[in-house]
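Chemist: Dumping the structure here so I can ask a few things about it.
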Amino acid sequence: MTERALHPSLADRVAIVTGAAKRDSIGHAVALGLAREGAHVVVADLYEAGFADVTRAIEAAGRRGLAIRTDVADPASVEAMVGRAVATLGRVDVLVNGVGGSWGITPADLLAPPRRGFVGLTTCSLDDWRTILAANLDGVFYCARSVTPHLQASRGGAIVSFASVAARKGLAPGSEGSSGPYAVAKAGIMALTRQLALELGPYGVRVNCVAPGVVLSGRARRLMAALGQERGPEGGRAAVPLGRFATVDEVAALVVALCTDETAYLTGATIDVNGASYSA
Amino acid sequence: MQLDGLDGRVAVVTGAASGIGGAITRRLAREGVRLAVVDVHEAGLGALAAALAGASIRAFTADLTEPTEVAGLAAQVAREVGDVDFLVNVAGGPVAPSRADPLPALPARPRPIETIDDLSWGRILATNLTTAFLVCRAFVPGMKARRSGRIVNFASIAARRGSDRVGVHYAAAKGGVIGLTKTLALELGPHGIRVNAIAPGYINTERMEAVAWGRDASGQHQALLDAIPLGRLGRPDDVAAVVALLCSDAGGYVSGATIDVNGGLYFGP
Chain B
120 MTERALHPSL
130 ADRVAIVTGA
140 AKRDSIGHAV
150 ALGLAREGAH
160 VVVADLYEAG
170 FADVTRAIEA
180 AGRRGLAIRT
190 DVADPASVEA
200 MVGRAVATLG
210 RVDVLVNGVG
220 GSWGITPADL
230 LAPPRRGFVG
240 LTTCSLDDWR
250 TILAANLDGV
260 FYCARSVTPH
270 LQASRGGAIV
280 SFASVAARKG
290 LAPGSEGSSG
300 PYAVAKAGIM
310 ALTRQLALEL
320 GPYGVRVNCV
330 APGVVLSGRA
340 RRLMAALGQE
350 RGPEGGRAAV
360 PLGRFATVDE
370 VAALVVALCT
380 DETAYLTGAT
390 IDVNGASYSA
Chain S
7 MQLDGLDGRV
17 AVVTGAASGI
27 GGAITRRLAR
37 EGVRLAVVDV
47 HEAGLGALAA
57 ALAGASIRAF
67 TADLTEPTEV
77 AGLAAQVARE
87 VGDVDFLVNV
97 AGGPVAPSRA
107 DPLPALPARP
117 RPIETIDDLS
127 WGRILATNLT
137 TAFLVCRAFV
147 PGMKARRSGR
157 IVNFASIAAR
167 RGSDRVGVHY
177 AAAKGGVIGL
187 TKTLALELGP
197 HGIRVNAIAP
207 GYINTERMEA
217 VAWGRDASGQ
227 HQALLDAIPL
237 GRLGRPDDVA
247 AVVALLCSDA
257 GGYVSGATID
267 VNGGLYFGP
């Protein structure tokens, strides 16, 4: 075991990860990665069926794990989650906003099959717009707002959110499984990240986001199975110079790094993780 | 944090004798990376290698603006160190080094365009852009043959948002490095090679300290710090950590990116 493994970089810190209860999600891998770096981890998610497994996995890493049913689109639910996290674990140092997507994002459609077809800005219903913006963008604002006093009290806090290559280049009409509102919400996350970086920098809190291309999460695999082809809404493998999609683990490792001192001088940044498919 | 995929690999670090290059060398050595370090500053390389006596490190003195020296370097590294996994192109700067003056002082004053003569334009382009091209060209074939590799180039905040300090030659050269990086990412992706750039902001190297940038007039230094959301200059180690990250498994799907390491001073496009 290396010296750094004996002195993990997030020892005794407390992290909240939203959207981390599904075993095959990026958030789940982030939660376990943070636990390996020494953090106690709160999983905030609607998917209660995954709670026992994820807390067991966090505790197997020797940290405290706490799963709290949370609807990030509901500010009262978020406030209650953060309150319980602080009451139980005493502090919050890290927030990772893992909830996102164009479907499977509300209590009603949590376990819904992949949404077929493309929901464009010009074709979406007002309900689509509000639902997708709420889960993807409002939720990040609510979570960030609720943890801010705790992060300000922390020394070296961090917030990491998920933008998307969809925010960089848009989604071509016909991009099944995603939506125009999603691309807009993810661009909003980039702006929110920059604004929070300015407001929280003086407190030593760093705020960054990653902008992935297609990541082989459970959600992407379910979509590919439904489509009968290997492509995500952001494109097929042939459109990626690196010739493959991202693994959950490599994206999660990057997100964990953004929570640690490895990135001590990065804030307000959007890190593109797309196999060279789009260079900003 | 625990970075996987570094231990036992081989890295070439150019511009390693001082500042950011030195910090990268020390960090990668700590991760168990075997190092070939390159600089025109022979004494600086010697001191670096001596300080890392326990590590696997070989020093090569070369002027990377000279195509024949770069070709010779690649052949020598292949012979004496082995296959290269990571290529980190740090060599460069707003003043051009030479064997006679390997670590020239940074300009104490801004460089208006009319003060930049043809010779210094050419030398700064050569020092910052031609070196990156030549070194990539020399080491890419080996990476292609093994279908893997990571290249990290050095851009600058001067290219990202412009600069009132270093002159148009340096900003233009670093802008060129970004174009080189994006194009190589497209070209080499199918060969399993990831190519990225880091654009540092104000990093407090020994050379920066020596000219007291932003400290030559009362209040200027504080104004600079006030403009940086994190409220401090960067440390060479801050940049070295991001290089290690990009070379590690955590950087496996990052390619074509320019990573701004500037404390929030500029957010990128």
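Top to bottom, those sequences are chains B and S. Here the first sequence is numbered in our numbering, starting from 120 and rising by one per residue. Here the second sequence is numbered in our numbering, starting from 7 and rising by one per residue. The beta-carbon is built from N, C-alpha and C at its ideal position, and this holds for glycine as well.
Distance, Cα to Cα, Val-259 (chain B) vs Val-249 (chain S)?
Modeler: 29 angstroms
Chemist: Mind checking whether Ile-234 (chain S) and Val-174 (chain S) have CB atoms under 8 angstroms apart?
Modeler: no
Chemist: Are the segment 28 to 36 of chain S and the segment 315 to 332 of chain B touching, with three or more C-beta to C-beta distances below 8 angstroms?
Modeler: no
Chemist: Within the 8 angstroms Cβ cut-off, does Cys-253 (chain S) reach chain B?
Modeler: no
Chemist: At what residue ranges does the segment 41 to 83 of chain S contain a whole run of the alpha helix (DSSP H), taking only runs of 4 or more?
Modeler: 48 to 57
Chemist: Whose C-alpha, out of S:Leu-230, S:Arg-200 and S:Asn-159, is nearest the C-alpha of Thr-20 (chain S)?
Modeler: S:Asn-159
Chemist: What residue range is occupied by the uninterrupted alpha helix (DSSP H) comprising Phe-92 (chain S)?
Modeler: Not the alpha helix (DSSP H): Phe-92 (chain S) falls in the beta strand (DSSP E), residues 92 to 95.
Chemist: If distances are taken between C-alpha atoms only, which option among S:Ile-63, S:Ala-53 and S:Ala-59 comes closest to Val-39 (chain S)?
Modeler: S:Ile-63
Chemist: Decide if the segment 375 to 389 of chain B is in contact with the segment 277 to 284 of chain B; the criterion is three or more beta carbon pairs, one per stretch, under 8 angstroms apart.
Modeler: yes
Chemist: In the DSSP assignment, the alpha helix (DSSP H) including Gly-307 (chain B) goes from what residue to what residue?
Modeler: Start and end: 299 to 319.
Chemist: Along chain S, in chain order, which residues have C-beta atoms closer than 8 angstroms to that of Ala-199 (chain B)?
Modeler: Among the residues of chain S, none has a CB under 8 angstroms from the CB of Ala-199 (chain B); the nearest is roughly 31 angstroms distant.
Chemist: At a CB distance below 7 angstroms, what residues from the segment 351 to 382 of chain B approach chain D? Give them in sequence order.
Modeler: As a matter of chain content, chain D is missing from the structure shown, whose protein chains are B and S.
Chemist: In its own chain, which residues sit with a C-beta less than 6 angstroms from the C-beta of Gly-96 (chain B), not counting the 5 before and 5 after it?
Modeler: Within the shown structure, residues of chain B are numbered from 120 to 399, placing residue 96 (chain B) beyond reach of any answer.
Chemist: So, helix, strand or coil for Ile-122 (chain S), using DSSP?
Modeler: coil
Chemist: DSSP has Pro-206 (chain S) in a bridge; who is on the other side?
Modeler: S:Val-267
Chemist: On the three-state DSSP scale, how would you describe Asp-164 (chain B)?
Modeler: Three-state result, Asp-164 (chain B): strand.
Chemist: Alpha carbon to alpha carbon, how far is Arg-33 (chain S) from Val-201 (chain S)?
Modeler: 20 angstroms
Chemist: Please list the terminal residues of the continuous alpha helix (DSSP H) segment that includes Ala-180 (chain B).
Modeler: Where Ala-180 (chain B) is concerned, there is no enclosing alpha helix (DSSP H), given that its DSSP letter is neither H nor E.
Chemist: From the DSSP output, in three-state form, read off Thr-121 (chain B) for me.
Modeler: Unreliable positioning characterises Thr-121 (chain B) in this predicted model, as indicated by a pLDDT of 48, which lies under 50. The coordinate reading is nonetheless provided below. Thr-121 (chain B): coil per DSSP, three-state reduction.
Chemist: Using a Cβ-Cβ cut-off of 8 angstroms, state whether Thr-121 (chain B) counts as contacting chain S.
Modeler: Because Thr-121 (chain B) carries a pLDDT of 48, less than 50, the predicted location of this residue cannot be relied on, and no value is offered for it.
Chemist: If distances are taken between C-alpha atoms only, which option among B:Leu-361, B:Thr-366 and B:Thr-379 comes closest to Leu-251 (chain S)?
Modeler: It is B:Thr-379 whose Cα lies nearest to the Cα of Leu-251 (chain S).
Chemist: Kindly indicate the opening and closing residues of the alpha helix (DSSP H) around Ser-280 (chain B).
Modeler: DSSP places Ser-280 (chain B) in no alpha helix (DSSP H) but in the uninterrupted beta strand (DSSP E) bounded by 277 to 281.
Chemist: Check distances from the C-beta atoms of the segment 187 to 199 of chain S to those of chain B and list, in chain order, the residues that come in under 7 angstroms.
Modeler: Lys-188, Ala-191, Leu-192, Gly-195 and Pro-196
Chemist: Output yes or no for whether 8 angstroms exceeds the beta carbon distance between Val-211 (chain B) and Val-266 (chain B).
Modeler: yes
Chemist: Keeping to the same chain, check which residues put their C-beta closer than 8 angstroms to that of Thr-121 (chain B); ignore five residues upstream and five downstream.
Modeler: Model confidence at Thr-121 (chain B) stands at a pLDDT of 48, short of 50, so the residue's coordinates are unreliable and nothing is read from them.
Chemist: Got a sec? Which residues, its chain only, sit under 6 angstroms from Gly-275 (chain B) by beta carbon, not counting five neighbours each side?
Modeler: Gly-323
Chemist: Could one say the Cβ of Ile-251 (chain B) lies closer than 8 angstroms to chain S's Cβ atoms, at least one of them?
Modeler: With 8 angstroms as the cut-off, Ile-251 (chain B) does not count as an interface residue toward chain S.
Chemist: So that I know if they touch, is there some Cβ in chain S lying closer than 8 angstroms to that of Tyr-261 (chain B)?
Modeler: Not a single CB atom of chain S sits nearer than 8 angstroms to the CB of Tyr-261 (chain B).
Chemist: Among all the DSSP beta bridges, which residues are the ones paired with Asp-257 (chain B)?
Modeler: Answer is none; Asp-257 (chain B) lacks a bridge partner.
Chemist: Interface residues of chain S around Glu-349 (chain B) at Cβ under 9 angstroms?
Modeler: What Glu-349 (chain B) touches in chain S: nothing, since even the nearest Cβ is about 16 angstroms away.
Chemist: Can a CB atom of chain S be found closer than 8 angstroms to the CB of Ala-388 (chain B)?
Modeler: yes
Chemist: Please confirm if the segment 131 to 140 of chain B is in contact with the segment 152 to 169 of chain B, defined as three or more CB-CB distances below 8 angstroms between the two stretches.
Modeler: yes
Chemist: Could you tell me whether the Cβ of Gly-337 (chain B) comes closer than 8 angstroms to any Cβ of chain S?
Modeler: no
Chemist: Against chain B, with Cβ distances strictly below 8 angstroms, would Ala-35 (chain S) count as a contact?
Modeler: no
Chemist: Indicate the three-state DSSP secondary structure (helix, strand or coil) for Val-92 (chain B) in the structure shown.
Modeler: Residue 92 (chain B) is absent from the model: chain B starts at 120 and stops at 399.
Chemist: Cβ closer than 7 angstroms: which chain B residues qualify as neighbours of Pro-275 (chain S)?
Modeler: Ala-399
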